[in-house]
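*Asks:*
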Amino acid sequence: MTDLLLLIASAALVNNFVLVQFLGLCPFLGVSSRIDSALGISFATTFVLTLSSVVAYLLQSLLLVPLDAMWLRTLAFIVAIAVAVQFTELAVKKASPLLHSVLGIYLPLITTNCAVLGVALLNTNRAHTLVESVFYGIGAASGFSLVLILFAGVRERLQLADIPEPFQGPSIALITAGFMALAFMGFSGMIRP
Amino acid sequence: MTESIMSIGVGVLGLSAIGLIGGTVLRYASNVFRVNGNPVVDSIDELLPQTQCGQCGYPGCRPYAEAVANGEAINRCPPGGQATIDRIANLLGVDSLGLDADENTIEQDLVALIIEEECIGCTKCIQACPVDAIVGSNKLMHTVITNDCTGCDLCVEPCPVDCIEMVPRPKAPNSWAPEHPDLISSDRFGRVELQPESPCIRCGACATVCPVHLQPQLMLFSLKGGALSHAVHEGLPDCVECAACNEVCPSHIPLAEWFRLGRFQAEKVSAERQLSSEARERFKTRNARLQRIAAEQDLKRSVRRAKSGEALERARKAREAAS
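Quick mapping for you: the protein sequence lines, in order, are chains A and B.
Under the numbering used here, the first residue of the first sequence carries the number 26, and numbering increases by one thereafter.
Under the numbering used here, the first residue of the second sequence carries the number -15, and numbering increases by one thereafter.
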């Protein structure tokens, strides 16, 4: 149990996917201008990450290893992730049409969120069991959500602040992201990965 | 050779199998999560002013809301003005646009006024009014219920004697809002001499003295940035306007005056919402009534037609019998 908790903490904080491993930067900068859309994409990505780490584990152990076709791994994972994302998009469209139209292209773009494929590949590289894969996925997703929502909160405040003209817009966003990454460096060495 | 063919076979078959399973799951999911209609329309319709004026080129506010949901430009609503465009842009997460309207469209709150001495009682304006804001009867004087009028000016055109004018909406005494906070500061007791204002230095002194534990600096940034709803979220309605924040502010920012201005604006927005939701209700009621009347008339007409058919038949038979 302690191992699993450590796994989550490691994936969420110490080796945070966005700020330490620099995966999934596209939605991090793209949908972080408002807190409610950041919340929406966080839930969607959490769902996709958890689902796809399970599916990737099953593909790996039931299909790829018996067939001795590890070279097919990336392709097979991408297809599985695409299915999970399409499923999520349908569900979001049903549950919250407004969120669906606000998120727009960023919802299907979860497919190309490198954090999702990254989790699937890291799971197989580190030979995680099914339970470990799920927890690693949840940890990665909660780290992603945490950072995204914090960043969206900061950006909402920044929109109203009197920022000097050359720093307005994306430049202050990138500077903020840099500061957050610096802050997350404080976690490094807390847990051995 | 055989080995590479095997690999290709494994790849093709494996991926096909994954695709097939995934496709089946998605097919099933698309049935389960089927969406009927477009619920975004309701949210857009909420924001429109419900004048039902048709200046956007659509027959009413709801049809325009449907068009916007399907990708029509969001800047076609002159009665709503820039404020409505901004709200729709915020709702849909798109960039705001300037108002797309004729040059002569003035962004001003107008209502219709019937010059009662000249009205001949033709009821044409009553039929034109989309929100039932005109009362009157045949050959009797008509008048406009000013509170219900949305200022769409659809009644001006049909009037045969040109007795309808568009006039500025009469203002209630409590609806006056100053243009700039300094106007209020100059009025405040003991603060007649305005100190020159400097930028906020984030000292937080205002938050420390606030008796209702608000964050005056955050509310100020929201108001200066034009994000009224954000300021309301920060607790603007709870401000008691004690001006304690003014006293401690080392930059001499007239905080309390900004908050008073913000509360004026917030009240105005909610009054507009109220007006438009009432107008929507009346528009719906009117459409239902028109449909009901049309159905009744159809019924009467068909009964009459049947009766006259029978009478003709009887006459024809009588004629045949006579000859």
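Heads up, the beta-carbon is just placed ideally off N, CA and C, and yes, glycines get one too.
Values in this document were obtained by computation on a predicted structure and should not be read as measured data.
Looking at ALA36 of chain A and ALA165 of chain A, is the spacing between their C-beta atoms short of 7 Å?
*Replies:* yes
*Asks:* Measuring straight from C-alpha to C-alpha, what distance separates LYS284 of chain B and ALA295 of chain B?
*Replies:* 16 Å
*Asks:* Taking PHE112 of chain A as the query, report the chain B residues whose CB atoms sit under 8 Å from its CB, ordered along the chain.
*Replies:* VAL9, LEU10 and ALA13
*Asks:* Let me make sure I understand the geometry here. Which of B:GLY6, B:CYS229 and B:ILE129 has the alpha-carbon closest to that of ARG266 of chain B?
*Replies:* Among B:GLY6, B:CYS229 and B:ILE129, the Cα nearest to that of ARG266 of chain B is on B:ILE129.
*Asks:* Reducing DSSP to helix, strand and coil, say where LEU314 of chain B ends up.
*Replies:* No statement about residue 314 of chain B is possible, as the shown extent of chain B runs from -15 to 307 and does not include it.
*Asks:* Could you tell me how far apart the beta carbons of GLN34 of chain B and ARG273 of chain B are, in whole angstroms, since I believe they sit closer than 8 Å?
*Replies:* Incorrect: roughly 17 Å between the Cβ atoms, too far for contact.
*Asks:* Label GLU297 of chain B either buried or exposed according to how many other C-beta atoms from any shown protein chain fall within 10 Å of its C-beta, with 16 as the threshold for buried.
*Replies:* exposed
*Asks:* Within 7 Å of any Cβ in chain A, is that where the Cβ of ILE185 of chain B sits?
*Replies:* no
*Asks:* Note the first and the last residue of the continuous alpha helix (DSSP H) segment covering VAL39 of chain A.
*Replies:* Counted as a single uninterrupted DSSP element, the stretch harbouring VAL39 of chain A is not any alpha helix (DSSP H), since DSSP gives it neither H nor E.
*Asks:* In chain order, what residues of the same chain lie with their CB nearer than 7 Å to the CB of LEU202 of chain B, ignoring the 5 residues before and after it?
*Replies:* GLU218
*Asks:* For LEU(-3) of chain B, does the three-state DSSP call read helix, strand or coil?
*Replies:* helix
*Asks:* Under 8 Å, CB to CB, which of the residues in the segment 17 to 30 of chain B have a partner in chain A?
*Replies:* PHE17, ARG18, VAL19, ASN22, PRO23, VAL24 and SER27
*Asks:* Under three-state DSSP, which class holds GLU181 of chain B?
*Replies:* Secondary structure of GLU181 of chain B (DSSP, three-state): coil.
*Asks:* From VAL253 of chain B to GLN85 of chain A, what does the alpha carbon distance come to, in whole angstroms?
*Replies:* Approximately 57 Å, taken between the alpha carbons.
*Asks:* Let me know if GLN281 of chain B comes out buried or exposed under the rule of 16 or more other beta-carbons within 10 Å of its beta-carbon.
*Replies:* exposed
*Asks:* May I ask which residues mark the beginning and end of the alpha helix (DSSP H) holding VAL79 of chain A?
*Replies:* 60 to 83
*Asks:* On the criterion of 16 or more Cβ atoms from any shown chain inside 10 Å, does ASP28 of chain A qualify as buried, or is it exposed?
*Replies:* exposed
*Asks:* Which of the three DSSP states, helix, strand or coil, is assigned to GLU256 of chain B?
*Replies:* helix
*Asks:* Using a cut-off of 8 Å between C-beta atoms, extract the partners of LEU48 of chain A located in chain B.
*Replies:* Simply none; closest approach about 23 Å.
*Asks:* ALA191 of chain B CB to nearest chain A CB: under 7 Å?
*Replies:* no
*Asks:* Less than 8 Å between the CB atoms is what I'm expecting for LEU128 of chain A and VAL56 of chain A, so what's the real figure, rounded?
*Replies:* 7 Å
*Asks:* Starting from the C-beta of GLY(-2) of chain B, find all residues in its chain whose C-beta is less than 6 Å away, skip the five residues before and the five after it, and write them out in chain order.
*Replies:* none
*Asks:* Under 7 Å Cβ-Cβ, which residues of chain B neighbour PRO91 of chain A?
*Replies:* PRO91 of chain A does not reach chain B, its nearest Cβ partner there being about 10 Å away, counting only Cβ pairs nearer than 7 Å.
*Asks:* Whose C-beta lies closer than 8 Å to the C-beta of GLN184 of chain A among residues of the same chain, with five residues either side of it excluded?
*Replies:* SER58
*Asks:* Can you check whether the C-beta of PRO122 of chain A is within less than 7 Å of a C-beta belonging to chain B?
*Replies:* yes
*Asks:* If you compare alpha carbons, which of B:GLY120, B:HIS126 and B:THR8 is closest to ALA109 of chain A?
*Replies:* B:THR8
*Asks:* Are SER206 of chain B and LEU123 of chain A closer than 7 Å when you measure CB to CB?
*Replies:* no
*Asks:* Check whether chain A comes within 7 Å of GLY(-5) of chain B, counting only Cβ atoms and requiring the distance to be less than that.
*Replies:* yes
*Asks:* Under a three-way DSSP split, which group does VAL128 of chain B fall into?
*Replies:* strand
*Asks:* I need the boundaries of the beta strand (DSSP E) containing GLY95 of chain B, first residue and last residue.
*Replies:* Looking at the sequence itself, residue 95 of chain B is Val, so the reference to Gly does not match. Element bounds for VAL95 of chain B: 94 to 98.
*Asks:* Applying the criterion that 16 or more other CB atoms from any shown protein chain within 10 Å of the CB defines a buried residue, is ARG288 of chain B buried or exposed?
*Replies:* exposed
*Asks:* Taking 7 Å as the threshold (beta carbon to beta carbon), is ALA116 of chain A in contact with chain B?
*Replies:* yes
*Asks:* For THR99 of chain A, I'd like the list of residues in its chain whose CB is within less than 7 Å of its CB, leaving aside the five on either flank, ordered along the chain.
*Replies:* none
*Asks:* Over the uninterrupted alpha helix (DSSP H) stretch that includes MET210 of chain A, give me the two end residues.
*Replies:* 195 to 210
*Asks:* Whose CA, out of B:SER213, B:LEU83, B:GLU30 and B:PRO62, lies closest to the CA of GLY38 of chain B?
*Replies:* B:PRO62
*Asks:* What first and last residue would you give for the alpha helix (DSSP H) that runs through VAL151 of chain B?
*Replies:* Run containing VAL151 of chain B: none in the alpha helix (DSSP H); it sits in the beta strand (DSSP E), 148 to 152.
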